[in-house]
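S.K.: My structure is below; once you've seen it, I'll send some questions.
In the working numbering, the protein residues as written are 1025 to 1122.
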């Protein structure tokens, strides 16, 4: 069953963040068959409630195990640090429904 990583992110340093994006995209292509980036919306439209994120990112992974394995991998660890140096984010992993 598919799994989704949903990120509410505020970019604080665009240049460093773009470096992160290019590096993580290459790593995901190499490491995770079936990965898809479904959305990277810089101006999400709030429909209800007080939540007003500046950017939402949604990634699709083949399953929860693959998403978790990637997130906690040695290869991704330095990229987490790079992202955190350039942004402030909340990240959740949710299972899809089949």
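Positions of the beta carbon are idealized from the N, C-alpha and C atoms, including for glycine.
Please read these numbers as outputs of a predicted model, since none were measured by experiment.
Going by DSSP, name the residue or residues bridged to residue 1064.
M.R.: Within the chain shown, numbered from 1, the residue matching residue 1064 stands at position 40. Beta-bridge pairing links residue 1064 to 1081.
S.K.: May I ask which residues mark the beginning and end of the beta strand (DSSP E) holding residue 1028?
M.R.: Stepping through the chain shown from its first residue, residue 1028 is reached at position 4. Where residue 1028 is concerned, the enclosing beta strand (DSSP E) stretches over 1027 to 1035.
S.K.: Work out the CA separation of residue 1032 and residue 1109 for me, nearest whole Å.
M.R.: One-based indexing of the chain shown puts residue 1109 at position 85. One-based indexing of the chain shown puts residue 1032 at position 8. Residue 1109 and residue 1032: Cα-Cα distance of roughly 15 Å.
S.K.: Would you say the segment 1093 to 1110 touches the segment 1061 to 1076, given that touching needs at least three Cβ pairs under 8 Å?
M.R.: Cβ pair count under 8 Å is below three, so no.
S.K.: Buried or exposed: which applies to residue 1050, given that a residue is buried once 16 or more other Cβ atoms fall within 10 Å of its Cβ?
M.R.: Here residue 1050 is taken as the residue at index 26 of the chain shown, counted from 1. So residue 1050 counts as exposed.
S.K.: Contact check, residue 1084 vs residue 1060 under 8 Å by CB: the rounded distance?
M.R.: Within the chain shown, the letter at position 60 stands for residue 1084. Within the chain shown, the letter at position 36 stands for residue 1060. Indeed they touch by this definition, with Cβ atoms about 4 Å apart.
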